[in-house]
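Residue numbers (our numbering): 151 to 435.
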Amino acid sequence: MSARWCKIFGMAHGINLLTKKFRQGIVAPKQFVKNLKRQGRLVKVGGCKNRKPSTELEWCQEAFDSHQQHLVTGIIASEEVKLTSGFQNELIVGSIGSLLDEPPNWWGNCQSSVRLSRSLEDYRQHLKLIFRYSSFLMFIDPYLNPDKTEYCQFCELLASIDTERNSNKDIKIEIHVSLSKLNPNQYRKGFKNLAIQLKEKSLGFRESKTKIHAFLWEDFHDRHLISNWVGISLPHGFGIDGHKETTWSRYDRAVCDSIQKEFDRNSRKQKLIQDFDIASLLNGV
């Protein structure tokens, strides 16, 4: 995305493309884009053509061509582009002026829950975009023991973050566990073994671009994945059992913020016993 696209979005005729209901009920276009940027939801992708788009039609065509390479959920265009430029029968393209009154199918079909198998393959498939674009990840699971058979592929899941992130951007990862099952020394042993495996399998971890910090809390029970992009309820955490299924549910922003605060080191809701960078456990190894 270039500044040109943002200018088109903020021009008077662009604002008038929105219905009155859309303008008053949600947010003005400029503020909408600012909110997306602030939340880290605007990401750069490679262009399909050598020349940068400069008109609404060219931007829509660029998005449509991108969809042929990497599937997207939907494309929002002006009513003029949608109705007069050959996109009338393309269901992937929706008119910005009718998102609320006559929305495309994909606009209203966003599901808040998903059913998946408890396998590494399904975990990777559903988390690839989150891994690719998040600036931080919080794995919150009171039972997450890297030495336990159920979590034997957790290292592979963390290593796959490298595969998705084709950039030099650092990522901060937190792992939150409960001391109701193991003592600190047992967890240190498990996380040391995890660090040894990651040193072999994760370039980001070896080069300190992927920083992983462990938090040992006195006691808690629920399991979550929290990032700057999304929050997910995980009834079974990331334990592996390919013969069984689980259901993940998406949190709204208020719940994500509440959980993130609950597991902040200065939290008043939980009692932090110990925390450490797992790379520090490799000293002398």
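Where a beta carbon is used, it is the ideal one built from N, C-alpha and C, also for glycine.
**OP:** Pull up the CB-CB distance for threonine 396 and leucine 266, whole angstroms please, since I reckon it's below 8 Å.
**Re:** To locate residue 396, count along the sequence shown from 1; it is residue 246. To locate residue 266, count along the sequence shown from 1; it is residue 116. That pair is a contact at about 7 Å.
Subject >> Where histidine 326 falls: helix, strand or coil (DSSP) >> reply: Here residue 326 is taken as the residue at index 176 of the sequence shown, counted from 1. Secondary structure at histidine 326: strand, using DSSP grouped into helix, strand and coil.
Original post:
First and last residue of the alpha helix (DSSP H) that includes threonine 234?
Top reply: Start at 1 with the first residue of the sequence shown, and residue 234 comes out as number 84. Threonine 234: member of the alpha helix (DSSP H) spanning 229-234, first to last residue.
**OP:** Report the option in Phe426, His220, Val405 and Val222 whose CA atom is closest to the CA atom of lysine 339.
**Re:** Taking the first residue of the sequence shown as 1, we reach residue 339 at position 189. Distances from the alpha-carbon of lysine 339 to those of Phe426, His220, Val405 and Val222 put Phe426 closest.
Subject >> For glycine 247, the residue or residues it bridges with in DSSP >> reply: Numbered from 1 along the sequence shown, position 97 holds the residue referred to as residue 247. Beta-bridge pairing links glycine 247 to no other residue.
Original post:
In terms of alpha-carbon separation, which member of Ala345, Glu357 and Ser245 lies closest to proline 296?
Top reply: Position 146 of the sequence shown, counting from 1, holds the residue named residue 296. That would be Ala345, whose Cα lies nearest to the Cα of proline 296.
Original post:
When you compare only the Cα positions, how much space is there between phenylalanine 329 and leucine 422?
Top reply: Reading the sequence shown from its first residue, position 179 is the one you call residue 329. Reading the sequence shown from its first residue, position 272 is the one you call residue 422. Contrary to the premise, residue 329 reads as leucine rather than phenylalanine in this sequence. For leucine 329 and leucine 422, the distance between alpha carbons rounds to 10 Å.
Original post:
Roughly how many whole angstroms lie between the Cα atoms of glutamate 230 and glutamine 189?
Top reply: For the purposes of this step, residue 230 is taken as the residue at position 80 of the sequence shown. For the purposes of this step, residue 189 is taken as the residue at position 39 of the sequence shown. One alpha carbon belongs to glutamate 230, the other to glutamine 189, and they sit about 30 Å apart.
Original post:
Can isoleucine 321 and isoleucine 311 be called in contact, C-beta distance under 8 Å?
Top reply: One-based indexing of the sequence shown puts residue 321 at position 171. One-based indexing of the sequence shown puts residue 311 at position 161. At a Cβ-Cβ threshold of 8 Å, isoleucine 321 and isoleucine 311 count as neighbours.
**OP:** Indicate the three-state DSSP secondary structure (helix, strand or coil) for glutamine 410 in the structure shown.
**Re:** On the sequence shown, residue 410 is found 260 positions in, with the first residue counted as 1. Note: glutamine 410 maps to helix in three-state DSSP.
Original post:
Hey, serine 383 and tyrosine 401: beta-carbon distance below 8 Å or not?
Top reply: Working through the sequence shown from its first residue, we reach residue 383 at position 233. Working through the sequence shown from its first residue, we reach residue 401 at position 251. Contact: yes.
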